[in-house]
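Take a look at the structure set out below.
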């Protein structure tokens, strides 16, 4: 079976026996598809795994609200896995609402990957934050990787004949590529 490898604080890569990753975003952001594709890649690498798709109860909740957050969790390891895991080692939050719903499950020292392009004043307020969680100390106990995922996705598909709106719909696959590279 494969061993997962990640970088440590000093830039050295270290082998990990297991990792729990949770992809979270608005319903329609493609988190279920992203999780499924990551699961297939993980299985092809020879890891054992268990998954937990988390669909919102609301059929068509307003975008950017906590009611419409969808998530997909995968626990994968070089040994037999029995459950999808309790607390994610890594949270990939595509917007403030996803962060608001799932941050409580990430243990201190866990990694939080954020699509900072989605952290506009409007989206922050919609998620129920009074202040920007990137600036108010909310994330102080976590390893934060803040990335302009929308901007980088648009740059990645710049040579394709797609609109900016269509390009932004590919952000889930940009996040998928990042997770495949990291793990």
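Numbering (our numbering), first residue to last: 60 to 242. All C-beta atoms, glycine included, are put in the ideal place defined by N, C-alpha and C.
Contact check for residue 242 against residue 79 fails: the beta carbons are separated by 7 Å or more. For residue 176, the secondary structure class from DSSP, reduced to helix, strand or coil, is helix. With contacts defined by Cβ atoms closer than 7 Å, residue 93 and residue 231 form a contacting pair. Burial is judged here by how many other beta carbons sit within 10 angstroms of a residue's own beta carbon; residue 99 has fewer than 16 and is exposed. The beta carbon of residue 146 lies closer than 8 Å to those of 79, 164, 165, 166, 169 in the same chain, with the five residues before and after it left out. Of the residues assessed, residue 219 falls on the exposed side of the cut-off, its CB having fewer than 16 other CB atoms within 10 angstroms.
In the structure shown, residue 198 falls within a coil segment according to DSSP collapsed to helix, strand and coil. Annotation for residue 101: 108, 135 place their beta carbon closer than 6 Å to its own, counting only its chain and skipping 5 residues before and after.
Around residue 142, the same chain offers 109, 134 as residues with beta carbons nearer than 7 Å, after the five sequence neighbours per side are excluded. For residue 142, the secondary structure class from DSSP, reduced to helix, strand or coil, is coil.
Rounded to the nearest whole angstrom, the C-alpha separation of residue 72 and residue 234 is 20 Å. Setting aside the 5 residues that flank it on each side, residue 176 is surrounded in the same chain by 207, 208, 209, 210, each with a C-beta closer than 8 Å to its C-beta; the list follows chain order. Among the bridge pairs identified by DSSP, residue 95 is matched with none. Judged by beta-carbon spacing, residue 172 lies beyond the 7 Å limit of residue 140, meaning their Cβ atoms are not closer than that value. The residue from 237, 75, 229, 83 with its alpha-carbon nearest to that of residue 158 is 83. The Cβ atoms of residue 127 and residue 88 do not sit closer than 7 Å to each other. When secondary structure is reduced to three states using DSSP, residue 136 falls in the strand class. Of all alpha-carbon atoms in 237, 189, 81, the one lying nearest the alpha-carbon of residue 215 is that of 237.
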